[in-house]
Amino acid sequence: MVETKSVIKGNLDHMKDAYDPKEVELKWYKFWEENGYFKPKKELIENKDNAKKFVIVLPPPNITGTLHIGHTLTVAIQDSLVRYKRMKNYLTLYVPGTDHAGIATQTVVEKMLYKKENKIRHDYGREEFVKKIYEWKDVHGNKINNQIKSIGASVDWSREYFTMNEKLSMAVKEAFVRFYEAGLIYRDNRLVAWCPHLKTALSDIEVNNEEIKKPTKVKIPSFNHLVEVGVLYKFFYPVKNSEEKIEIATTRIETMLGDVAVAVHPNDKRYKHLIGKELEHPFIKDRKMIVIADDYVDMEYGTGAVKITPAHDKNDYEMMKRHKLNYINIYTLDGHINKNGGPLFEGLHRFECRFKIQEELKKLNLLSDKIPNPMTLPLCSRTNDIIEYMLIPQWYLNCSDLAKESIDYVKKKELVILPSLHVNTWFYWLENVRDWCISRQLWWGHRIPAYKIITKNNMKKEDKINSNDNDPCEQEEEKWVVGRTYEECLEKAKKLVDENTEFELVQDEDVLDTWFSSSLVPFSSLGWPEKTQDLDLFFPNTILETGQDILFFWVARMVMVSIHLMKKLPFNTIYLHAMIRDSKGEKMSKSKGNVVDPLDIINGISLQDLHKKLYEGNLPEKEIKRALELQKKEFPKGIPECGTDALRFGLLTYLKQGRNVNLDINRIVGYRHFCNKLWNAIKFFLKTLPSNYDDSNILLKNPEYAHSFNWEDKWILHRLNMYIKSANENFEYYNFSEVSFASYNFWLYELCDIYLELIKGRLNAYSEECPHKKVESDKRQDEMAQDQTCGEKDGKTCPYSKNNNISSGYAANKTLHICIDYGLRLLHPISPFITEELYQKIADKESKFDSISIASYPEFIEAWVNEEINAEMNVFMNIVKQFRSFISNLDIPPKTKLNCFISAKSSKDKEFLEKVKNKIQILAKLNSLEIVNYDFQDLSDELKIQIKKCLKDIIFDKFIIYVQSTEEYLKPLLANMINKNKKLQNSLDSYLKKIKDPNYEQKVPEEVRNMYTEKVDQLNSQIASVSNIIEEINECLKNA
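Numbered by full-length UniProt numbering, the letters in the sequence shown go through residues 1 to 1040 in order.
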């Protein structure tokens, strides 16, 4: 008979000694993609009515540079879900794409061109500048896609979208037209956050509100001097026809040029007599200003009198509407003073005007004081320019009714938000929703499909209106038409203009807010507005997963837009993940230089190369210096190579912490070691297989065969079953950290630390002559016999059993085979590369899938449930841990040969000890272990003498363990323990002295006091433990 050699065992020859993430991850993505594993399964599409679906869209990362660690967390979460559902045989689709990111991209490219060519966008003209952005996008867009691939995202690249491609641009245009025709999009002159450097309106998310605690000088673009902030200016307005003056306090003294009133609280006795009186503007004599009363005014802040500048302040604008005041804009689009500011200041930069105005007020004896004032300073997130609020005509989307519907969907639980703590945020944003300003004054983006009708008489006026020096508030009544094409707009315009009037159409120069196009992604990425097969199959999506910081800016808008355009929700579940911050808890930002490139964690990088990358970006010198110091502190030796699997695993474990995560690279390094543990576990499995192993993973098809296996086999299969149950349940409830920790605990603590240690002797005793025979040494056979279980007793008999008994080594091999097969499948959604590599090494030919990515996800197996053995194992491990802990406390060197004893109080527990004695000896690393009677008087004289020389410990009042030692060892041990006790006592006395200080409560912060209390408790516990050991040693020495 020709002996068949194991194919699986031969795979050991192709495994490196240690796990090499780079080598493992290099090949598999291409393999998955080329084999079409990321595409929806054709057979499920054909059976679409019965197939369960799972559809998710990758939130489109900006094309501005490279992905950061936050994007990696998004992919780790989404991809683990997609891979899990794919293995559960769902019809899955994971759609990739990138966002054109209007303001971000335009800013980055402008900086780059200015740095390289010393040119601004106006030097190129709109068309040429947009071409430059596309050239830049072709380079950086590919970089982003490569990063998405390197972090293992199983997206369908054949369905990749870009928010500015032809199809999505058509969708954007169609959406705008439909909203406009429904009366929801309109044009209005309202207050907007304005960046003078970029000359565009900003969304709230593009404004950074920086807390200024004391007077500070800041640098802004397009101005050669530092700007002082964090101060309150006080000045006077004279009361008309009176000697009296009213003192005003403001943080923006230059805006007094746009003042139309002064407001006081109606109950403020200081100013009650001035309400309704006229004031004199010191620089604009014909300006009508009055004192008004309004409850909004805080009597305690500043002087209690507030200047009202409706054209440049949100609160003043609301007050203007309440009191029917006028507004006066004083700024040009680039932040200079226009003609409304008066001839003395016209043409000055607004912060140059701030200096000038103080000088002029001093001359008039109207400048009172300048005092420190903590404040919030709004800055443009892209340029760091100080935001000004401007009244400028913009396009708006009416969100009122759509917001109410979005709230109702959540209240009716048709739309679920997870974690549920974000539901109140949803309600808050949408109950207080404002109409959405959807226009931006940029060149890069979707140009608004609206055309202004310019009649022949108004053509010259139009040129004037478009100039930078003009007051943007001064706009005549306009006529606009909206349409999908110029021709469509022309036909609409003819109906609005007299038949004999000449006119032309001029398309709006503005582009749409980036969030407008990205809000359409759940359906525009599937082909809308065309009725495509993808739209029919995959809309609505299943879930939207993203960071909690864009709940309103993106998520809520997707819901509102879909409700109107699709008449249904875009998805039924929203999952919001925690935000990844740097080690100091600061939000990661390219402008701060604290963004961690996931590729640097995956591949590793030296500190020198980290520094080099800072200079390759567009950061100003000051921010580079700050980032250099941060890198030196955080990564003194650079970042070691961790690999994608460790990074993904580590990030998912963070999700247990709640709202925010302070990234610790060392934690990711720890999960790199975990991957190495997996590698070694598979090597152990292959190495311990007999050369003629049959390669059959029999428990895949016949899990009930395990009834014939050994005690520890049944236990590990029970634990594997609990892992299966936990992974399935927690994936369904989006508890990603629980899935990760279940994986970690099973592989590291249960499989490697316990099971592999217990079966080593069985595997070594397993003869390679025949995998179906039980050939063991007599001694080992006696030890194992008590663990054997008759196959017929519990159910179906294993076909390889002989006389209702199977080979102990064979059972261990088969148990380990199923554990690592299922264990790898369970882990695959989280760590895809290493699991694919190892699965290919251990999967048997008969049951092997071409890829683990399409293997079936393990399901709970009733036949493996064994709570009785699980409870026994808990007792067993408590005994082992107590032996280890006791021996560790004795400071006994690791290689010391220890003869130990154990006794059980009850006969049932004694029977249990007889069954697991040898296993305790193995895991506790004892030289010998003997079971003795619990009652000392029942021991033989010889045993009594030996026991008296032992140090003892009691476990749960059920077991007593004894560790034997000699006088030669006990005396130095006693000296060590006494010395240890003294050190502990000295440490305790030191803490108690601090605590007893009379001023302890006042001097020491609460968190430090709590730490001291905890330390005192620990020291008392340690002293008690060491004191017991000293007492035990003294007792032993008496009997030595």
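Note that beta-carbon positions come from the ideal geometry of N, C-alpha and C, so glycine has one too.
Cβ shell of residue i (< 8 angstroms), same chain only, five flanking positions each side left out
{"i": "TYR1012", "result": "TYR991, LYS994, ILE995 and VAL1004"}
{"i": "HIS718", "result": "TRP864, VAL865, ASN866, GLU867, ILE869 and ASN870"}
{"i": "ASN1020", "result": "LEU988"}
{"i": "ASN603", "result": "LYS22 and GLU641"}
{"i": "GLU360", "result": "PRO282, PHE283 and LEU344"}
{"i": "LYS779", "result": "With a pLDDT of only 39 at LYS779, under the threshold of 50, the placement of this residue in the model should not be trusted; the figure read from the coordinates follows. So the list is empty, once near-sequence residues are dropped."}
{"i": "ASN878", "result": "ILE955 and PHE956"}
{"i": "ASP17", "result": "none"}
N-terminal and C-terminal residue of the beta strand (DSSP E) that residue i is part of
{"i": "CYS577", "result": "Note on identity: in this sequence residue 577 is His, with Cys being the wrong assignment. First-last of the beta strand (DSSP E) with HIS577: 573 to 577."}
{"i": "ASN373", "result": "Counting along the chain, ASN373 falls outside any beta strand (DSSP E), and DSSP gives it neither H nor E."}
{"i": "LYS952", "result": "950 to 955"}
{"i": "GLU930", "result": "928 to 932"}
{"i": "PHE235", "result": "231 to 238"}
{"i": "PHE936", "result": "Element bounds for PHE936: n/a, residue is neither H nor E."}
{"i": "LYS277", "result": "Looking at the DSSP string, LYS277 is not in any beta strand (DSSP E), and its letter there is neither H nor E."}
{"i": "PHE38", "result": "From DSSP, PHE38 is part of no beta strand (DSSP E); its letter is neither H nor E."}
{"i": "residue 1049", "result": "As shown, the chain starts at 1 and ends at 1040. That puts residue 1049 outside it, with no answer to give."}
{"i": "ASP188", "result": "185 to 195"}
Exposure label - residue i; buried when at least 16 CB within 10 Å
{"i": "TYR296", "result": "exposed"}
{"i": "PHE38", "result": "buried"}
{"i": "LEU91", "result": "buried"}
{"i": "VAL7", "result": "exposed"}
{"i": "GLY36", "result": "exposed"}
{"i": "LYS5", "result": "exposed"}
{"i": "GLU499", "result": "exposed"}
{"i": "VAL963", "result": "buried"}
{"i": "ILE763", "result": "One point to set straight first is that residue 763 is Leu, not Ile, in the sequence displayed. Per the 10 Å Cβ criterion, buried."}
Where the alpha helix (DSSP H) through residue i begins and ends
{"i": "VAL399", "result": "Before going on, a small fix: residue 399 reads as Cys here, not Val. Neither: CYS399 is in no alpha helix (DSSP H) and is coded neither H nor E."}
{"i": "LYS996", "result": "Per DSSP, LYS996 belongs to no alpha helix (DSSP H) and is neither H nor E."}
{"i": "PRO522", "result": "521 to 524"}
{"i": "ASP609", "result": "607 to 616"}
Neighbourhood of residue i by C-beta, 7 angstroms cutoff - its chain only, sequence neighbours within 5 removed
{"i": "VAL669", "result": "PRO640 and CYS642"}
{"i": "GLU110", "result": "ILE120 and ARG121"}
{"i": "ILE144", "result": "PRO61, ILE63, THR66, LEU67 and THR98"}
Cβ-based neighbour list, residue i, same chain, cut-off 6 angstroms, excluding 5 preceding and 5 following
{"i": "GLY304", "result": "ASP268"}
{"i": "THR546", "result": "PRO59"}
{"i": "TRP715", "result": "ILE869 and MET873"}
{"i": "ASN326", "result": "VAL260"}
{"i": "GLU738", "result": "ASN730"}
{"i": "ILE1023", "result": "LEU984"}
{"i": "ASP188", "result": "TYR396"}
{"i": "TYR180", "result": "VAL482"}
{"i": "SER519", "result": "ARG557, MET558 and VAL561"}
{"i": "GLY585", "result": "ASN662"}
{"i": "TRP436", "result": "LEU397 and CYS399"}
Helix, strand or coil at residue i according to DSSP, with G and I counted as helix
{"i": "GLY795", "result": "Bear in mind that the predicted position of GLY795 carries a pLDDT of just 48, short of 50, making it too unreliable to give a figure here."}
{"i": "PHE901", "result": "strand"}
{"i": "GLY335", "result": "coil"}
{"i": "PHE162", "result": "strand"}
{"i": "LYS439", "result": "What sits at residue 439 in the sequence shown is Ser, not Lys. Of the three classes helix, strand and coil, the one that applies to SER439 here is strand, per DSSP."}
{"i": "THR250", "result": "strand"}
{"i": "GLU783", "result": "Any reading at GLU783 must be qualified, since the residue scores a pLDDT of 44, below 50, and its modelled position is unreliable; the value itself is stated next. In this structure, GLU783 counts as helix in the three-state DSSP scheme."}
{"i": "CYS380", "result": "strand"}
{"i": "GLY342", "result": "coil"}
{"i": "PRO60", "result": "coil"}
{"i": "PRO832", "result": "helix"}
{"i": "ASP99", "result": "strand"}
Does the segment 72 to 86 come within contact of the segment 127 to 144, defined as at least 3 CB pairs closer than 8 angstroms? no
Pair every Cβ in the segment 813 to 830 with every Cβ in the segment 742 to 762, then say whether three or more of these pairs are closer than 8 angstroms. yes
When the Cβ atoms of the segment 234 to 249 are set against those of the segment 397 to 408, are three or more pairs found closer than 8 angstroms? no
Inter-stretch contact (C-beta, 8 angstroms, three-pair minimum) for the segment 646 to 660 and the segment 626 to 634: no
Give a yes or no on contact between the segment 145 to 157 and the segment 79 to 86, applying the rule of three or more CB pairs nearer than 8 angstroms. yes
Three or more C-beta pairs closer than 8 angstroms, one from the segment 918 to 934 and one from the segment 896 to 906: is that the case here? Because the criterion of three Cβ pairs below 8 angstroms is met, the segment 918 to 934 and the segment 896 to 906 touch.
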